[in-house]
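Trainee: Before we start, here is the structure in question, set down as structure tokens.
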Amino acid sequence: VEASIPEPQRKAWLEHQTHGFKDKDGFEKEVVRHVETTLARSLYNCDEQAAYSACSLAFRDRLILEWNRTQQRQTFADSKRVYYLSLEFLMGRALDNAMLNIGQKDVAKAGLADLGFRIEDVIEQEHDAALGNGGLGRLAACFLDSLASLNYPAWGYGLRYRYGIFKQEIIDGYQVEVPDYWLDFNPWEFPRHDVTVDIQFYGHVTKRTDDNGKTIATWEGGEIVKAVAYDVPIPGYATPSTNNLRLWSSKAASGEFDFQKFNSGDYENSVADQQRAETISAVLYPNDNLDRGKELRLKQQYFWVAASLYDIVRRFKKSKRAWKEFPDQVAIQLNDTHPTLAVVELQRILVDLEGLDWEEAWNIVTSTFGYTNHTVLPEALEKWSVPLFQHLLPRHLQLIYDINLFFLQSVERKFPKDRDMLARVSIIEESQPKMIRMAHLAIVGSHKVNGVAELHSDLIKTTIFKDFVEVFGPDKFTNVTNGITPRRWLHQANPRLSELISSKTGSNNFLKDLTELAKIEHYKDDADFRKEWAEIKYANKVRLAKHIKNTTGVDVNPSALFDVQVKRIHEYKRQQMNIFGVIHRYLTLKSLSPEERKKFQPRVSIFGGKAAPGYWMAKQIIHLINAVGAVVNNDKDIGDLLKVIFLEDYNVSKAEMIIPASDISEHISTAGTEASGTSNMKFVLNGGLIIGTCDGANIEITREIGEQNIFLFGNLAEDVEDIRHNHTYGSHTVDPDLAKVFEAIEKGTFGEPNDFMGMISAVRDHGDFYLVSDDFHSYIETQELVDKAYRDQDGWITKSIESVARMGFFSSDRCINEYAEGIWNIEPLPIKEQ
Ligand code: GL2
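For the sequence shown, our numbering assigns the number -10 to the initial residue and increments by one for each residue that follows.
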């Protein structure tokens, strides 16, 4: 790289190449400079917000230097890159992460203290980057951290939503949604006004035959919207590698506004085009595991995919290689089906714009893409109506029909006369209107398809994608069990635990190789170690208790068992079963004498999570949790024995505080519905035990940490179908304990019963699709086992230590290495320290 810098600039360049700040004075100087110049403020009115801004700008400057070097090196090395296409990146806060990954949090802490600030208060100023709904978006963020930390040449591509996931307020027990405008001041992004792409929508296709008899299709007319790139640097941990997350923002292609309309006095409409264009990247769809099929969503998908592919192809073309080398240079991962249009767009670029033959182009396409499936829930599998496609993307629809034709011809050769098979695997569903099945397109257009935990990867092969296993053979389908980054979810979220671990393992290496955690198992009987282990958990609970007091006004006792369920609210995740269990506990306590009650293990049941704004049942669940809390928390008979808390606006930064404070957390989805879950891994990594069903990654967690360290209950995935069948065609009676819970609700114990009847009748009258009643008894019994185990604090601490020691497998580093080797075929490109 250095050799390529022209002589006149080389000296200045070399002087500029310092990594990090020399010392705290160097850091302070940079902060002061940013306060006084970039922010144009005086030091005497520098508040915490300004200190946050200046501190971020100082770290950002460091990152940018590393970012430049990383990119230059990757360009020079000319090696294969991976592009991770995701509609969601749930990044959370960046400053703390940047300080830790660069390894200069101590310097910043001391420097900020000199300037009169506590680093914790400064960190708290940052607004979460909440461009995602839940697990899928957070997984993408963990992957970016691992890709950079492992020195893989990788870019993320996403959308720069002006509004991320809504902010949740709880008013009178109900969820109220408030827009999340997060871009007021965002030091972590770089607008690249010179990196733009024109994106076409609507219009029509003309076809002509050229001199060689080849058909040439041209997509003409319609509307153009401009995509503008915003770059977010992604620092690796303990490496100078800094990757890029490129987010696209939409703008009118025609400039600011329509002068003609403006001059003719039509002021209002003069900005209409601009506003319409900007709408595309304005807002994140707030649904988790649900596809609503809205036109604007399809526009978002094409806008983002087309801009990203243009960028990727532009970069490839600079290398002047032959097209057939494209898959040797480029791997593209489809995070769920949301970016599946990329398959069609690349085929369009190669065939229509670059003039390649269909076959040659299609080989390149299918060697380039990999597809990750994140759910088997039918309501989440994307389908787009053919008429909508015809209108918005007419050329793409033709290409999809051609892709399908060639695919079905190949199926027919393998399964002659099996018309049912053809109908089942077709990319087009012959419904009214016809629909495009995006998962089918993604499978056909990729060389590998993976699920995200073992059970889930098996399930996709035996259920939703069964026919494709027959068509393509089993090797196309694989498993990559999800992982989490230990940098954010241990080192950043739980600094004391991280420090204790490094004092025993001898270094911070476990943050790079999480299997080193195994070393702490040697200390599980060491009295001092155990004492400190317990103290750290207690301190984390005290911190959460303070937050609960500040935000809800409820006093909770940090010595009680903290039972946490924080995740999106969804019937399949069964928060309703949890709150019914809490009611059962309350009724039991009420039926006991004061003496008997004393034997009970005190508990704080903590819930958090957002409901999609249009998801009525999920909102009812939130309302019931709050209604139960209002009664139980004010019941003098109960006191500290039971508290019920709903924490408002669960997000990444709150997770960082809540997860380290949990004793037990709940991962209780109906077996076979939660593809993996990733918070289960975060809780265990922080020394919390879990109660869960045999679902998703719970199964592999059990295998790693040992059955004695987890509380499993409930029906198995293989039995769910039969049980459901029985609900419909056999006799279905509600579990007697659950019936008592329903009775209490219906009596008005928690307010107006009609407010909660949806939840009750789903179980009692509508087939109990999520098996709440079937699993209720074993759930309650298992909760009793949890109480018992917790009363034996010594035993509990042993379980906690053993669990953490055995969590090495669940690092997203392991996961990314598996993708790199098994799917992307890329190598790390380490950057030497200068
Ligand atoms: C999800 C799954 O529901 C979840 O189990 C999984 O851990 C994540 C990441 O693989 O993906 N699928 C999905 O659509 N969302 C998820 O969180 N929103």
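We put the CB at the ideal spot given by N, CA and C, even for glycine.
1. Please tell me whether Val319 and Lys556 are closer than 8 angstroms, where the distance is taken between their beta carbons.
2. Who are the near neighbours of Asn615 in its chain, counting only those whose CB is closer than 6 angstroms to its CB and skipping five residues on each side?
3. With a threshold of 16 other CB atoms inside 10 Å of the CB of Phe672, please say whether the residue is buried or exposed.
4. Is the beta carbon of Asp199 within less than 7 angstroms of some heavy atom of the ligand GL2?
5. Within this structure, are the beta carbons of Phe155 and Pro275 separated by less than 8 angstroms?
6. In the DSSP output, which residue or residues are listed as bridge partners for Ile833?
7. For my contact list, Thr204 and Lys196 are in at a C-beta cut-off of 8 angstroms; report their separation, rounded to the angstrom.
8. Taking Ile679 and His656 to be in contact with their CB atoms under 8 angstroms, please state how far apart those CB atoms are, rounded to whole angstroms.
9. Keeping to the same chain, check which residues put their C-beta closer than 8 angstroms to that of Gly9; ignore five residues upstream and five downstream.
10. Which class does Glu689 belong to by DSSP, given the choice of helix, strand or coil?
11. Is any heavy atom in the ligand GL2 found nearer than 7 angstroms to the beta carbon of Gly282?
12. Please list the terminal residues of the continuous beta strand (DSSP E) segment that includes Ala507.
13. Roughly how many angstroms separate the alpha carbons of Ala431 and Thr326, rounded to a whole number?
14. Per DSSP, which one or two residues make a beta bridge with Phe635?
15. Going straight from the alpha carbon of Leu101 to that of Ile734, what length do you get?
16. Should Val553 be labelled buried (16 or more other beta-carbon atoms within 10 Å of its own) or exposed?
17. Starting from Thr779, trace the alpha helix (DSSP H) both ways and give me its first and last residue.
18. Identify whether Pro224 lies in helix, strand or coil by the three-state DSSP scheme.
19. Go through its chain and collect everything with a Cβ distance to Asp110's Cβ below 7 angstroms, but skip five positions before and after it.
20. Work out the CA separation of Leu125 and Tyr639 for me, nearest whole Å.
21. Can you tell me which of the three DSSP states Gln823 falls into?
22. Looking at the structure shown, is His218 part of a helix, part of a strand, or coil, going by DSSP?
23. Check each candidate in Thr474, Val165, Lys309 and name the one with the smallest Cα separation from Ala137.
24. Going by the CB atoms, is the gap between Glu645 and Ile159 shorter than 8 angstroms?
25. What number of angstroms, rounded off, separates the C-alpha of Phe457 from the C-alpha of Leu287?
26. Return the Cβ separation of Leu578 and Phe596 in integer angstroms, given the expectation that the two are a contact with Cβ distance under 8 angstroms.
27. Are the beta-carbon atoms of Asn215 and Ile812 separated by less than 8 angstroms?
28. Are the beta-carbon atoms of Gly797 and Ala482 separated by less than 8 angstroms?
29. For Tyr768 and Ala119, what's the separation of their Cα atoms in angstroms?
30. Does the distance from the C-beta atom of Ser665 to that of Gly695 stay below 8 angstroms?
31. Can you check whether the CB of Asn675 is closer than 8 angstroms to the CB of Pro649?
32. Please classify Trp605 as buried or exposed, where buried requires at least 16 neighbouring CB atoms within 10 angstroms.
33. Below 8 angstroms on the Cβ atoms is my contact criterion, and I expect Met748 with Leu613 to pass it. Report the Cβ-Cβ distance as a whole number of Å.
34. Is the beta carbon of Asp447 within less than 7 angstroms of some heavy atom of the ligand GL2?
35. Taking the alpha helix (DSSP H) that Val438 belongs to, which residues open and close that run?
36. Indicate the three-state DSSP secondary structure (helix, strand or coil) for Glu825 in the structure shown.
Mentor: Judging by the given coordinates:
1. The residue labelled residue 319 in the question sits at position 330 within the sequence shown. The residue labelled residue 556 in the question sits at position 567 within the sequence shown. Going by C-beta atoms, Val319 is not nearer than 8 angstroms to Lys556.
2. Locating residue 615 in the sequence shown gives position 626, counting from the first residue. Once the five neighbours on either side are set aside, the close Cβ partners of Asn615 are Gly162, Phe635.
3. Here the question's residue 672 lines up with position 683 in the sequence shown. Classification for Phe672: buried.
4. The count along the sequence shown starts at 1 and reaches residue 199 at position 210. No, the Cβ of Asp199 stays beyond 7 angstroms of every heavy atom of the ligand GL2.
5. Counted from its first residue, the sequence shown places residue 155 at position 166. Counted from its first residue, the sequence shown places residue 275 at position 286. Yes, Cβ-Cβ distance for Phe155 and Pro275 is below 8 angstroms.
6. The first residue shown for the chain is -10 and the last is 823, placing residue 833 beyond what the model contains.
7. In the sequence shown, counting from the first residue as 1, residue 204 sits at position 215. In the sequence shown, counting from the first residue as 1, residue 196 sits at position 207. Indeed, because the Cβ distance is near 6 angstroms, the residues count as touching under 8 angstroms.
8. Within the sequence shown, numbered from 1, the residue matching residue 679 stands at position 690. Within the sequence shown, numbered from 1, the residue matching residue 656 stands at position 667. Yes, Ile679 and His656 are in contact; Cβ-Cβ is about 6 angstroms, under 8 angstroms.
9. The residue you call residue 9 lines up with position 20 of the sequence shown. For Gly9, where only same-chain residues beyond five positions count, the Cβ hits under 8 angstroms are Arg51, Ile91, Gly92, Gln93, Val96.
10. Along the sequence shown, read from residue 1 onward, the residue named residue 689 stands at position 700. Of the three classes helix, strand and coil, the one that applies to Glu689 here is helix, per DSSP.
11. Against the sequence shown, residue 282 aligns to sequence position 293. No, the beta carbon of Gly282 sits no closer than 7 angstroms to any heavy atom of the ligand GL2.
12. Walking along the sequence shown from the start, residue 507 turns up at place 518. Element bounds for Ala507: n/a, residue is neither H nor E.
13. Position 442 of the sequence shown, counting from 1, holds the residue named residue 431. Position 337 of the sequence shown, counting from 1, holds the residue named residue 326. Their Cα atoms are separated by approximately 6 angstroms.
14. On the sequence shown, residue 635 is found 646 positions in, with the first residue counted as 1. DSSP lists Phe596 as partners of Phe635.
15. For the purposes of this step, residue 101 is identified with residue 112 of the sequence shown, where counting begins at 1. For the purposes of this step, residue 734 is identified with residue 745 of the sequence shown, where counting begins at 1. Their Cα atoms are separated by approximately 53 angstroms.
16. For the purposes of this step, residue 553 is taken as residue 564 along the sequence shown, with counting starting at 1. Buried: at least 16 other Cβ atoms inside 10 Å.
17. Along the sequence shown, read from residue 1 onward, the residue named residue 779 stands at position 790. Residue identity check: residue 779 is Tyr in the sequence provided, not Thr. 761 to 780 is the span of the alpha helix (DSSP H), which, as asked, contains Tyr779.
18. Position 235 of the sequence shown holds residue 224. DSSP places Pro224 in strand when its eight states are reduced to three.
19. Position 121 of the sequence shown holds residue 110. Cβ neighbours of Asp110 beyond the five flanking positions: Glu37.
20. One-based indexing of the sequence shown puts residue 639 at position 650. One-based indexing of the sequence shown puts residue 125 at position 136. Their Cα atoms are separated by approximately 16 angstroms.
21. Numbered from 1 along the sequence shown, position 834 holds the residue referred to as residue 823. Unreliable positioning characterises Gln823 in this predicted model, as indicated by a pLDDT of 46, which lies under 50. The coordinate reading is nonetheless provided below. DSSP places Gln823 in coil when its eight states are reduced to three.
22. In the sequence shown, the residue the question calls residue 218 occupies position 229. The sequence shown places Ala at residue 218, rather than the His named in the question. Three-state result, Ala218: strand.
23. Counting from one through the sequence shown, the residue named residue 137 turns up at place 148. Ranking Thr474, Val165, Lys309 by Cα distance to Ala137 puts Thr474 first.
24. The count along the sequence shown starts at 1 and reaches residue 159 at position 170. The count along the sequence shown starts at 1 and reaches residue 645 at position 656. No, the Cβ-Cβ distance between Ile159 and Glu645 is not below 8 angstroms.
25. In the sequence shown, counting from the first residue as 1, residue 457 sits at position 468. In the sequence shown, counting from the first residue as 1, residue 287 sits at position 298. Roughly 25 angstroms between the two C-alpha positions.
26. Against the sequence shown, residue 578 aligns to sequence position 589. Against the sequence shown, residue 596 aligns to sequence position 607. In fact, because the Cβ distance is near 19 angstroms, the residues do not count as touching under 8 angstroms.
27. Within the sequence shown, residue 215 is the residue found at index 226, counting from 1. Within the sequence shown, residue 812 is the residue found at index 823, counting from 1. A quick correction: the sequence has Lys, not Asn, at residue 215. No, the Cβ-Cβ distance between Lys215 and Ile812 is not below 8 angstroms.
28. Position 808 of the sequence shown, counted from the start, is the residue given in the question as residue 797. Position 493 of the sequence shown, counted from the start, is the residue given in the question as residue 482. Result no, Cβ atoms of Gly797 and Ala482 do not sit closer than 8 angstroms.
29. Residue 768 sits at position 779 when you count from the first residue of the sequence shown. Residue 119 sits at position 130 when you count from the first residue of the sequence shown. If you take the alpha carbons of Tyr768 and Ala119, they lie about 33 angstroms apart.
30. As a first step, residue 665 must be located in the sequence shown, where it is residue number 676. As a first step, residue 695 must be located in the sequence shown, where it is residue number 706. Cβ atoms of Ser665 and Gly695: not closer than 8 angstroms.
31. On the sequence shown, position 660 is the one that residue 649 refers to. On the sequence shown, position 686 is the one that residue 675 refers to. For Pro649 and Asn675, yes; Cβs fall inside 8 angstroms.
32. In the sequence shown, the residue the question calls residue 605 occupies position 616. It counts as exposed.
33. As a first step, residue 748 must be located in the sequence shown, where it is residue number 759. As a first step, residue 613 must be located in the sequence shown, where it is residue number 624. Going by Cβ atoms, the distance from Met748 to Leu613 rounds to 7 angstroms, so yes, they are a contact pair.
34. Against the sequence shown, residue 447 aligns to sequence position 458. No, Cβ of Asp447 sits at least 7 angstroms from all heavy atoms of the ligand GL2.
35. By 1-based counting over the sequence shown, the position of residue 438 is 449. Counting along the chain, Val438 falls outside any alpha helix (DSSP H), though it belongs to the beta strand (DSSP E) covering 437 to 440.
36. The structure shown does not extend to residue 825, since the chain is modelled only from -10 through 823, so no value can be given for it.
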